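> Below you will find the structure I want to go over with you.
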Amino acid sequence: MWHLVRILAASRLWFSDGNPLEATRGSQGTSSRLIVDRHGFLDITEVHSANAMALDANGATLWLKRRGVDGGFTCPSLQNGSYLLNLSLQIGNDGGSFTLGLIQVPDIITACYSISTQVSGVLKPLPDISTEDVAFISKMISNKFVPYQNIPHEHPKSFAQIRALGRQYFPFTPYSFELAMCVYDWTTASFARMVLFKIFQYTDIDSGIATLPHPLDRESLSIKIWQSNFSAYTPKDPAFMRTFLMEPAHSLDHLKAQFDEVVDDVYRFSEIENRLLAAAARSLPRTSLASKAQLFSGQVDLHQLSTKHFGIEFYECPLNSGPIGTQLAHSLTDALASYLSVGKTITTKMTWSFTDSLDVAMRYSNGIVLALNPPSDAWLWDDLPFITPLSDDPRKLEYIASPGTQFEIVSLHQADVSGETVTVIGLKPVSRRDRRLTVQG
């Protein structure tokens, strides 16, 4: 375990756990995020092995490795936190760099362990947040389109709770409430709008309209809204239809008539909320691989979708080239034989949800399970923040990958899971330095 005892910084600093800067942090597998106002993030992650301890700081590593010592000399263990490491932190004059060091190390520790006393690195950048996006979402909150208006279980958060969480996790921006609200809204039935209006875009066709970047498969979109059938989330439910800016529909024709009137407004709504969700996700603390070695996702996770809609979740799907009017649905068999085959890199069009339990992932599966394994050179799930503290349901353990996240497909097989035959797709995140493409929002 460790704490900061010396800090040199011209900017305001916060830890995303909400505790004082000098508080004790760490333990095996714990990652703590420091927020540097106007400049970026520093993730400090503690990992133990049998004879060593490491503190990773954005990829730069302080370490203590057990020496060979004479018999009869008892060395203290670093595993139980009995020796608290003292750290110094300096933020560079440029605001984007840092130096982290071990200081005031007890003699018994230096006698027993070889130590790297200082490392330097760069901060992870703060997200770009559009004031126009925030103003739009603020208006949608005032008009009660955000958050979802009828959460059926007993765990909805109050605005005061969401505001407090925003101040804790996003203190670097005056828009902390709006960021927290977009994460919270994602965990409600609003996610259906945010998913459908992403996957049914022809992403290889430029619309020429900045706020509506790609044409939509409008026919498929309207049908899938009509076919919504999970719990109370149906086209006859006022709260569910309100998230699509529509009234309850008594027929598909009635829904389509409304849809034609509001589709551009809903599209813009979805794009803006997805962008703010991505900004929030980039800002949340990370989870260490030492604490969660594998993540899972049940797909396709809307009940009205099927395996033929899995391929259209990716920029690599050839149907994204249209022509407009082409139904965005692709045989899973064909997709797995081409752009979803082993060795291919895929890029998500939508936000993906993961959990740390295969059993939980199976509850959302419509025939596919994703098994996500970490890259070999990583300390953290750097692209998948844990969002449950901001969720409408504290029992739902959820990690998200934002649109534009890339994965390599490492395995494909059929398996019997909980009595159901599913296609299991093994993935690993593509390291940021290896990426060929970054897609916003």
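Residues -18 to -1, 1 to 423 (mature numbering (1 follows the signal peptide of the UniProt record, and there is no 0)) are what the sequence shown spells out, left to right.
Quick reminder that beta carbons are idealized off the backbone N, C-alpha and C, glycines included.
Being a predicted model, the structure only gives us computed values, none of them experimental.
(1) Would the beta-carbon of LEU105 fall within 7 Å of that of LEU24?
(2) Can you name the residues that DSSP bridges to ILE407?
(3) PHE80 to HIS(-16), Cα distance in whole Å?
(4) Going by DSSP, what residue range makes up the beta strand (DSSP E) through MET35?
(5) Along the chain, where does the beta strand (DSSP E) containing ASP25 start, and where does it finish?
(6) Among the residues of its own chain, which have a CB less than 7 Å from the CB of ALA34, if the five just before and after it don't count?
(7) Which one or two residues does DSSP pair with TYR215 in a beta bridge?
(8) Going by the DSSP bridge assignment, what does GLY83 pair with across the sheet?
(9) Would you identify the three-state DSSP class for ARG7, choosing helix, strand or coil?
(10) Taking the continuous beta strand (DSSP E) assigned at ARG15, which residues delimit it?
(11) Bridge partners for LYS47 per DSSP, in chain order?
(12) Going by the CB atoms, is the gap between ILE187 and HIS196 shorter than 7 Å?
(13) Report the start-end ranges of each beta strand (DSSP E) in the region 267 to 344 that is 3 residues or longer and not cut off at the edges.
(14) Apart from the five residues just before and just after ARG418, which ones in its own chain have a Cβ nearer than 7 Å to its Cβ?
(15) Figure out for me which residue from GLY41, ILE26, ARG(-7) has the closest Cα to the Cα of ARG20.
(16) Mind reading off the beta-carbon distance from GLU380 to VAL412? Whole number of angstroms is fine, and I expect it under 8 Å.
(17) Consult DSSP for HIS232 and reduce its assignment to one of helix, strand or coil.
(18) Do you know offhand how far PHE152's Cα is from ILE73's?
(19) Could you check if PHE118 is buried or exposed, using at least 16 other CB atoms within 10 Å of its CB as the buried criterion?
(20) Roughly how many angstroms lie between the CA atoms of LEU301 and HIS312, to the nearest whole one?
(21) Can you grab the Cα-Cα spacing for the pair GLN388 / LEU237, in whole Å?
(22) Spatial neighbours of THR216 within its chain, please: C-beta separation below 6 Å, excluding the five flanking residues on both sides.
(23) Check the C-beta distance from ASP115 over to ARG257 and give it rounded, since I have them as a contact under 8 Å.
(24) On the three-state DSSP scale, how would you describe ARG(-7)?
(25) In whole angstroms, what is the alpha-carbon distance linking ASP167 and ILE111?
Straight from the coordinates:
(1) Position 123 of the sequence shown holds residue 105. Position 42 of the sequence shown holds residue 24. The answer is yes: Cβ separation under 7 Å.
(2) Indexing the sequence shown from 1 puts residue 407 at position 425. Per DSSP, LEU352, LEU394.
(3) Mapped onto the sequence shown, residue 80 falls at position 98. Mapped onto the sequence shown, residue -16 falls at position 3. Cα-Cα distance, rounded: 16 Å.
(4) Along the sequence shown, read from residue 1 onward, the residue named residue 35 stands at position 53. Segment 34 to 39, the beta strand (DSSP E) holding MET35.
(5) Numbered from 1 along the sequence shown, position 43 holds the residue referred to as residue 25. Segment 22 to 31, the beta strand (DSSP E) holding ASP25.
(6) If you number the sequence shown from 1, residue 34 lands on position 52. If we look at ALA34 and ignore the five residues flanking it on each side, its Cβ neighbours are TRP45, LEU46, LYS47, ARG48.
(7) Along the sequence shown, one-based indexing puts residue 215 at 233. BP columns for TYR215 point to PHE212.
(8) Counting from 1 along the sequence shown, the entry for residue 83 is found at position 101. Beta-bridge pairing links GLY83 to SER70, GLN100.
(9) Working through the sequence shown from its first residue, we reach residue 7 at position 25. Note: ARG7 maps to strand in three-state DSSP.
(10) The sequence position of residue 15 within the sequence shown is 33, counting from 1. First-last of the beta strand (DSSP E) with ARG15: 13 to 18.
(11) Stepping through the sequence shown from its first residue, residue 47 is reached at position 65. LYS47 pairs with ALA34, SER96.
(12) In the sequence shown, counting from the first residue as 1, residue 196 sits at position 214. In the sequence shown, counting from the first residue as 1, residue 187 sits at position 205. Yes, Cβ-Cβ distance for HIS196 and ILE187 is below 7 Å.
(13) 277 to 281, 327 to 329, 334 to 336
(14) As a first step, residue 418 must be located in the sequence shown, where it is residue number 436. Low local confidence applies: a pLDDT of 39 at ARG418 is under 50, so the model's placement there is unreliable, with the coordinate-based value given in what follows. The answer is none, since no qualifying residue turns up.
(15) As a position in the sequence shown, residue 20 is number 38, starting the count at 1. Nearest option by C-alpha distance: ARG(-7).
(16) For the purposes of this step, residue 380 is identified with residue 398 of the sequence shown, where counting begins at 1. For the purposes of this step, residue 412 is identified with residue 430 of the sequence shown, where counting begins at 1. Wrong, their Cβ atoms sit about 22 Å apart, outside the cutoff.
(17) One-based indexing of the sequence shown puts residue 232 at position 250. HIS232 falls in the coil class under three-state DSSP.
(18) Residue 152 sits at position 170 when you count from the first residue of the sequence shown. Residue 73 sits at position 91 when you count from the first residue of the sequence shown. Using only the alpha carbons, I get a separation of about 19 Å.
(19) The residue labelled residue 118 in the question sits at position 136 within the sequence shown. Burial call: buried.
(20) For the purposes of this step, residue 301 is taken as residue 319 along the sequence shown, with counting starting at 1. For the purposes of this step, residue 312 is taken as residue 330 along the sequence shown, with counting starting at 1. Approximately 8 Å between the Cα atoms of the pair.
(21) Within the sequence shown, numbered from 1, the residue matching residue 388 stands at position 406. Within the sequence shown, numbered from 1, the residue matching residue 237 stands at position 255. Straight-line Cα distance between these residues: approximately 35 Å.
(22) Within the sequence shown, residue 216 is the residue found at index 234, counting from 1. The answer, listed in chain order, is SER210.
(23) Taking the sequence shown and counting its residues from 1, the one referred to as residue 115 is at position 133. Taking the sequence shown and counting its residues from 1, the one referred to as residue 257 is at position 275. Confirmed, about 6 Å.
(24) If you number the sequence shown from 1, residue -7 lands on position 12. Looking at ARG(-7) - three-state DSSP - the assignment turns out to be coil, as it is neither helix nor strand.
(25) Taking the sequence shown and counting its residues from 1, the one referred to as residue 167 is at position 185. Taking the sequence shown and counting its residues from 1, the one referred to as residue 111 is at position 129. Going from the Cα of ASP167 to the Cα of ILE111 covers about 18 Å.
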